[in-house]
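Visitor: Protein chains in written order, with my numbering: chain A, 1147 to 1348; chain B, 19 to 373.
A virtual CB, placed ideally from N, CA and C, is assigned to each residue, including glycine.
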């Protein structure tokens, strides 16, 4: 009885916390990782998701455990950290990985103002939570856009079906205040290689 | 199997209870409680104090004056004398112990008895007996009472008084309980024993009175006796009670050295808690006739308990044997535990991540 009372008291002390993800440096821009071109081509990786005038792809968001390390944001630092220790994708409580379909029409892309499109994409992704209880340790969050189906989310993504990729800096989610921006560390749109590396990271 | 923590908790509780009980003696110690003043202000239950068995006592009633019986005898003798029944008169007067009357200081009754003795003997033609009675009256230094007797008898007595006053006096050394008040022929406080007095020749009654002792007296003849030693027995409870009340009446402290001894004698108990219920309760613990501790409190139970502690009748419980110690320890433990939890406890954070 006393133990139950203690549990109730401690449970009453549990703090709820929400962290919002952002597909770009701000809520008005989309990350370069979703605007990369195929190597040596003019076509965008995003065009792989275009059927007629409709873009249709799936977004897989993974929480990657950095094995209690807190490396920097650069790719080299992340790779080094996960070479020395075993980083791993943390599945959700039910054992699944977050995967949500995104669909929009090409006409909705307005270069002058991406906010309506981003809001629509966010609305579709917000149908489910990436995780309800994030691990209280250093993690990295990665979002991979692919044309591969959600019912068989692969551990290793098919490079030919990648649409885009972005990731966050290492972060302790329980201590985060404010939105987390997902991005890709590139300087131009010739970045298929970086997208592949991003999607292959684990 | 009980969990180890529960066992540990019960063990600590048992140790605390044993420690708390250790101060109480196995058999309760009897204490007589004498309440003076407003008794309703100091109600006491027999088991009001752990380890003590309290019983409220009342001091014995004062002994009646010894002259009460004599008054009736003298009245009957007087009536017989008035009726001319001199033999009856002498028979009644013979029942009166004049030395005893003088010992208790009733000089008036002694003077009446001797005057009637002289008058009845004189009227009964026992002239020599009449002169002897008159001489005794004069020797004791008594005055002729106002009661009317024959003029010849008055003359006989006055002559005897005149003769007695002219006779040379002799010294008598008196010994007894140190400090005892000495009375001679019923005259109180002639001196304090041991002392020497000068007396006219003849019969004299030397009486001693001291607090804590029964009065004692002896008849001496001057100049045959030059010294007298009178032993006194310890006072009976009733006597001690009378003496203690008399001291209070004279404004003496209730529990000074003599007062405490008198209370012990009056109560006939080795341990007496004297409680005075005035504006506040004050008390004195008397052990074997000596005041061992004094204190004051709002209620009688705690007062008697403190007196018992101070007089070493009960062992004052050590710090860990007092309930408030364990209450304080429990409180401090809770406070420290709370502080530690407050400082180090970090509530679990449930972070939901989404778009």
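Compare the C-beta of residue 1167 (chain A) with all C-beta atoms of chain B and state if any pair is closer than 7 Å.
Guide: It does; some Cβ of chain B falls within 7 Å.
Visitor: Given this structure, state the Cα-to-Cα distance separating residue 1317 (chain A) from residue 1284 (chain A), to the nearest angstrom.
Guide: For residue 1317 (chain A) and residue 1284 (chain A), the distance between alpha carbons rounds to 5 Å.
Visitor: Terminal residues of the continuous beta strand (DSSP E) containing residue 1160 (chain A)?
Guide: It is not in any beta strand (DSSP E) - residue 1160 (chain A) carries neither H nor E in the DSSP assignment.
Visitor: If distances are taken between C-alpha atoms only, which option among A:1294, A:1290, A:1166, A:1240 comes closest to residue 1340 (chain A)?
Guide: Among A:1294, A:1290, A:1166, A:1240, the Cα nearest to that of residue 1340 (chain A) is on A:1290.
Visitor: Does chain B have any CB closer than 7 Å to the CB of residue 1160 (chain A)?
Guide: At least one chain B Cβ lies under 7 Å of residue 1160 (chain A).
Visitor: Just checking my contact of residue 1264 (chain A) with residue 1173 (chain A) at CB under 8 Å: how many whole Å lie between their CB atoms?
Guide: Sure, about 7 Å apart at Cβ, within 8 Å.
Visitor: Between the C-alpha atoms of residue 224 (chain B) and residue 122 (chain B), what's the straight-line distance to the nearest angstrom?
Guide: One C-alpha to the other measures close to 10 Å.
Visitor: Taking the runs of the beta strand (DSSP E) that are 3 residues or longer, which of them lie wholly in the stretch 168–209 of chain B?
Guide: DSSP runs (the beta strand (DSSP E)) wholly in the stretch 168–209 of chain B: 188–193, 199–202.
Visitor: Are residue 329 (chain B) and residue 283 (chain B) close, meaning C-beta to C-beta below 7 Å?
Guide: No, these two residues do not count as a Cβ contact at 7 Å.
Visitor: Within its chain, find whatever has a CB closer than 7 Å to the CB of residue 85 (chain B); leave out the 5 residues flanking it on each side and keep chain order.
Guide: Bear in mind that a pLDDT of 48 at residue 85 (chain B), under 50, signals an unreliable position, so the number given afterwards is only what the model happens to contain. The residues are 119, 122, 124, 127.
Visitor: What residues in the stretch 1236–1257 of chain A bring their beta carbon closer than 8 Å to a beta carbon of chain B?
Guide: Taking 8 Å as the Cβ-Cβ cut-off against chain B, none of the residues of the stretch 1236–1257 of chain A qualify.
Visitor: To the nearest angstrom, report how far apart residue 1229 (chain A) and residue 1223 (chain A) are at their CA atoms.
Guide: Distance between the alpha carbons of residue 1229 (chain A) and residue 1223 (chain A): 10 Å.
Visitor: With DSSP as the reference, identify every bridge partner of residue 1288 (chain A), one or two as the case may be.
Guide: Beta-bridge pairing links residue 1288 (chain A) to A:1208, A:1313.
Visitor: Quick one: using the 10 Å Cβ neighbour count with 16 as the cut-off for buried, is residue 303 (chain B) buried or exposed?
Guide: Buried: at least 16 other Cβ atoms inside 10 Å.
Visitor: Opposite residue 252 (chain B) in the DSSP bridges: which residues?
Guide: Answer is B:231, bridged to residue 252 (chain B).
Visitor: Output needed for residue 113 (chain B): all residues of its chain with C-beta closer than 8 Å, excluding positions within five of it in sequence on either side, in chain order.
Guide: Closer than 8 Å at Cβ, skipping near neighbours: 91.
Visitor: Return the first residue and the last residue of the beta strand (DSSP E) that residue 50 (chain B) is part of.
Guide: Its beta strand (DSSP E) spans residues 47–55.
Visitor: Just checking: is the beta-carbon of residue 343 (chain B) within a distance shorter than 7 Å of some beta-carbon in chain A?
Guide: With 7 Å as the cut-off, residue 343 (chain B) does not count as an interface residue toward chain A.
Visitor: Interface residues of chain A around residue 302 (chain B) at Cβ under 7 Å?
Guide: Correct list: empty, because the minimum Cβ distance to chain A is about 51 Å.
Visitor: Taking C-beta to C-beta, are residue 367 (chain B) and residue 1183 (chain A) nearer than 7 Å?
Guide: The answer is no: Cβ separation not under 7 Å.
Visitor: So, helix, strand or coil for residue 308 (chain B), using DSSP?
Guide: The answer is strand: DSSP assigns residue 308 (chain B) an E or B state.
Visitor: By the criterion of Cβ-Cβ separation under 8 Å, what are the contact partners of residue 1280 (chain A) in chain B?
Guide: Here the neighbours are 369, 370, 371.
Visitor: Which partner residues of residue 1168 (chain A) appear in the DSSP bridge assignment?
Guide: Partner(s): A:1327.
Visitor: Return no unless some Cβ of chain B is closer than 7 Å to the Cβ of residue 1272 (chain A).
Guide: With 7 Å as the cut-off, residue 1272 (chain A) counts as an interface residue toward chain B.
Visitor: Which same chain residues end up closer than 6 Å to residue 286 (chain B) when comparing Cβ atoms and leaving out the 5 residues on each side of it in sequence?
Guide: Excluding residues within five positions, the ones whose Cβ falls inside 6 Å are 255.
Visitor: Going by beta carbon distance, what residues of the same chain come within less than 7 Å of residue 221 (chain B), once the five residues before and after it are set aside?
Guide: Closer than 7 Å at the Cβ level, and outside the excluded window around residue 221 (chain B), lie 154, 157, 237, 239.
Visitor: Measure how close the beta-carbons of residue 291 (chain B) and residue 51 (chain B) come, nearest whole angstrom, since I'm counting them as under 8 Å.
Guide: That pair is a contact at about 5 Å.
Visitor: Which residue comes first and which comes last in the alpha helix (DSSP H) that contains residue 281 (chain B)?
Guide: Looking at the DSSP string, the run of the alpha helix (DSSP H) that includes residue 281 (chain B) is 275–285.
Visitor: To the nearest angstrom, how far is it from the Cα of residue 1326 (chain A) to the Cα of residue 1171 (chain A)?
Guide: In a straight line, the C-alpha of residue 1326 (chain A) is about 9 Å away from that of residue 1171 (chain A).
Visitor: Have a look at B:195, B:272, B:217, B:315 and flag the residue whose alpha-carbon is nearest the alpha-carbon of residue 210 (chain B).
Guide: Considering only alpha carbons, the answer is B:195.
Visitor: Beta carbons nearer than 9 Å to chain B: which residues of the stretch 1320–1346 of chain A have them?
Guide: Flagged, chain order: 1320, 1321, 1322, 1326.
Visitor: Along chain B, in chain order, which residues have C-beta atoms closer than 7 Å to that of residue 1288 (chain A)?
Guide: The contacting residues do not exist; residue 1288 (chain A) stays about 12 Å from chain B at best.
Visitor: Between residue 189 (chain B) and residue 244 (chain B), which are expected to be in contact by the criterion C-beta below 8 Å, what is the C-beta distance as a whole number of angstroms?
Guide: The pair is a contact, with the Cβ atoms about 7 Å apart (cut-off 8 Å).
Visitor: Does any CB atom of chain B fall closer than 7 Å to the CB of residue 1309 (chain A)?
Guide: Not an interface residue.
Visitor: If we count Cβ pairs, one from each stretch, closer than 8 Å, do we get three or more for the stretch 1294–1303 of chain A versus the stretch 1255–1262 of chain A?
Guide: Output reads no: the stretch 1255–1262 of chain A does not touch the stretch 1294–1303 of chain A.
Visitor: The ligand ADP and residue 170 (chain B): does any heavy atom of the ligand fall closer than 6 Å to the residue's C-beta?
Guide: Among the ligands in the structure shown, none appear at all, so the ligand ADP cannot be discussed.
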